[in-house]
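For the record, the sequence lines run as chains A and B.
Mapping to my numbering: the first sequence position 3 is 246, numbers consecutive.
Mapping to my numbering: the second sequence position 70 is 313, numbers consecutive.
There are 2 protein chains.
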Amino acid sequence: MAVESGRARTLTHVDPAEVTLQSALDALADPVRRCILRDLAAHPDWTRPCGTFDLPVKKATASHHFSVLRSAGLIEQRDEGARRLNRLRRPEFEAVFPGLLTATIDREAD
Amino acid sequence: MAVESGRARTLTHVDPAEVTLQSALDALADPVRRCILRDLAAHPDWTRPCGTFDLPVKKATASHHFSVLRSAGLIEQRDEGARRLNRLRRPEFEAVFPGLLTATIDREAD
Chain A
244 MAVESGRART LTHVDPAEVT LQSALDALAD PVRRCILRDL AAHPDWTRPC GTFDLPVKKA
304 TASHHFSVLR SAGLIEQRDE GARRLNRLRR PEFEAVFPGL LTATIDREAD
Chain B
244 MAVESGRART LTHVDPAEVT LQSALDALAD PVRRCILRDL AAHPDWTRPC GTFDLPVKKA
304 TASHHFSVLR SAGLIEQRDE GARRLNRLRR PEFEAVFPGL LTATIDREAD
């Protein structure tokens, strides 16, 4: 699993094809993580730095949520200068878990 | 919420329309509960008594799982003599959470 040292150069990602349904559901069954995913779904890829999400949690907790989403094959991240940019891995995740992401985030905020 | 006394005559059910996405995901994010749902999906309504499911848990734990599934609007139960029969509320649940149940249980056993 991901081992990072602060703002690591090498972010560990997990391919959705390697993700179990259990991990996917665990990742999706958290309201803060669904908030992140909905936000990403509503914006073009790589346009949302981590610091710009309006989340009701502290920075360290938010970092944990982003890490869980990477481990579940739901997001991709890359560092650009001081910013960590994000992309929703919608097509890859959809290919492995058809309908699951859509059923989970394409609703009114819950 | 459901208050039951042993094999109660009145089983408390929750309509899927009253279920939050969070409750639905919490219910689905458990492998034993998905096992129950897959089993029900594979058999005609009302043909599976609780005691006939092949679950890796004790009876009291299984009862808890059935109760969670009722509370999440996923199953309906009724007592018939000594047997408690089950029905997957697939159409009702599907109407409220389109695609979610299918995405979760129509896969190889996970």
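Even for Gly, the Cβ is constructed at its ideal location relative to N, Cα and C.
What you are looking at is a predicted structure, and each value in this text was computed from that prediction instead of being measured.
Within chain A, partners of residue i - CB distance below 7 Å
| i | result |
| --- | --- |
| B:R350 | L264 |
| B:A272 | L268, D269 and A272 |
Residues sharing a beta bridge with residue i, DSSP
| i | result |
| --- | --- |
| B:P292 | B:L328 |
| B:D364 | Beyond the ends of chain B as shown, which are 244 and 353, falls residue 364 of chain B; an answer cannot be given. |
| B:Q320 | B:N329 |
CB contact check: residue i to chain B, cutoff 8 Å
| i | result |
| --- | --- |
| A:D269 | yes |
Short CB-CB distance (under 8 Å) between residue i and chain A
| i | result |
| --- | --- |
| B:G342 | yes |
Chain B residues whose Cβ lies nearer than 8 Å to that of residue i
| i | result |
| --- | --- |
| A:T347 | L264, L268 and L343 |
Interface partners of residue i on chain A, CB under 8 Å
| i | result |
| --- | --- |
| B:P299 | Those do not exist, as B:P299 stays about 15 Å from chain A at its closest Cβ, beyond 8 Å. |
Span of the beta strand (DSSP E) around residue i
| i | result |
| --- | --- |
| A:E335 | No beta strand (DSSP E) holds A:E335; the alpha helix (DSSP H) holding it covers R333 to V339. |
| B:D297 | Taken as a continuous stretch (DSSP letters only), B:D297 belongs to no beta strand (DSSP E), as it is neither H nor E. |
| B:D258 | It is not in any beta strand (DSSP E) - B:D258 carries neither H nor E in the DSSP assignment. |
Range of the contiguous alpha helix (DSSP H) that encloses residue i
| i | result |
| --- | --- |
| B:R350 | Counting along the chain, B:R350 falls outside any alpha helix (DSSP H), and DSSP gives it neither H nor E. |
| A:T304 | K302 to S314 |
Nonlocal neighbours in the same chain, by C-beta distance under 7 Å from residue i, ignoring five residues either side
| i | result |
| --- | --- |
| A:A267 | A315, F340 and L343 |
Own chain residues within Cβ distance below 8 Å of residue i, not counting five before or after
| i | result |
| --- | --- |
| B:S306 | C293 |
| B:P299 | V275 |
Residues of its chain near residue i, where Cβ-Cβ distance is below 6 Å and the 5 sequence neighbours each way are ignored
| i | result |
| --- | --- |
| B:D288 | R330 |
| A:V311 | A270 |
| B:T253 | none |
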